[in-house]
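Worksheet: the structure to be examined is printed underneath.
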Amino acid sequence: MLPIEHFHFCPRCGQPLSSGAKQAASLECGTCGFRYFFNAAAAVAAFVRREDGRWLFIRRAKEPGQGKLAPAGGFVDIGETAEAAVRRELREEIGVTLASVTFLCSQPNAYLYRDVTYPTLDLFFLATLAPGSEPTVLEEVTSVGWFTAGEVAPEDLAFPSMQAAWRQVLAV
Ligand SMILES: [Zn+2]
Numbered sequence: 001m002l003p004i005e006h007f008h009f010c011p012r013c014g015q016p017l018s019s020g021a022k023q024a025a026s027l028e029c030g031t032c033g034f035r036y037f038f039n040a041a042a043a044v045a046a047f048v049r050r051e052d053g054r055w056l057f058i059r060r061a062k063e064p065g066q067g068k069l070a071p072a073g074g075f076v077d078i079g080e081t082a083e084a085a086v087r088r089e090l091r092e093e094i095g096v097t098l099a100s101v102t103f104l105c106s107q108p109n110a111y112l113y114r115d116v117t118y119p120t121l122d123l124f125f126l127a128t129l130a131p132g133s134e135p136t137v138l139e140e141v142t143s144v145g146w147f148t149a150g151e152v153a154p155e156d157l158a159f160p161s162m163q164a165a166w167r168q169v170l171a172v
């Protein structure tokens, strides 16, 4: 269920929300006029390329997409830039420091967590590691490795957004 479908009462005045109070991406209380917008959450991920042409992928430790390959990444914090978020997430997940970070593309996605389907906007980057930086397994990851482009088919990746972005990398 989308986040809006979990709201049955106005969060401000507590009155029941009529069916007409909910539009596709916002709710408006008919009693007190409270209006709330449901926006996509911003997420980031990086396709990291090594000098020998191999690409860095992690295997996800948790649902959604548990056990599937993915570029490392995560959600953008409030008040954080996407560039800072991708550097932070890769440091937290696999302990690396990024050197270059270049925007690749964005893709909408749906992220199911505890019965709530969060619409996201996934921002993908191409990145390189700082000299001497080596990936290691830290958070939310079961393994990490370097793969040739031919070893990772788009369908092997956890989400359709990642698959589309990876197809874009492979097409270059
Ligand atoms: Zn209200």
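Heads up, the sequence shown is in our numbering, so the first residue is 1 and it goes up one at a time.
Even for Gly, the Cβ is constructed at its ideal location relative to N, Cα and C.
Predicted, not measured: the structure shown is a model, and the values here were computed from it.
Excluding sequence positions up to five before and after V116, its CB lies within less than 7 Å of the CB of M1, P3, H6, all in the same chain and listed in chain order. Short of 7 Å from the beta carbon of A61, and not among the five residues preceding or following it, lie these beta carbons of its own chain, in chain order: E140, V141, T142.
Here the C-alpha atom of R49 lies approximately 28 Å from the C-alpha atom of G79. Excluding its 5 nearest sequence neighbours in each direction, C13 has C-beta neighbours in its own chain below 8 Å: C29, T31, C32, F34, listed in chain order.
Setting aside the 5 residues that flank it on each side, G145 is surrounded in the same chain by F57, each with a C-beta closer than 7 Å to its C-beta; the list follows chain order. Between the C-alpha atoms of T97 and P131 there is a straight-line separation of about 9 Å.
One Cα belongs to P108, the other to A21, and the distance between them is close to 26 Å. Per DSSP, the beta bridge partners of S106 are L123. Taking a C-beta distance under 8 Å as the contact criterion, L69 and V152 qualify as a contact pair.
By the Cβ-count criterion, P16 is exposed, with fewer than 16 other Cβ atoms from all chains shown falling within 10 Å of its own Cβ. In this structure, L104 and L126 form a Cβ contact; the two beta carbons are roughly 5 Å apart against a cut-off of 8 Å. Secondary structure of A61 (DSSP, three-state): coil.
Within the same chain, L121, D122, L123, F124 come within 8 Å of S106 by CB-CB distance, once the 5 residues on both sides are set aside. Restricting attention to beta strand (DSSP E) runs no shorter than 3 residues, the stretch 26 to 50 encloses them at 26 to 28, 35 to 37, 41 to 49, ordered along the chain. Per DSSP, the unbroken alpha helix (DSSP H) holding V169 starts and ends at 160 to 171.
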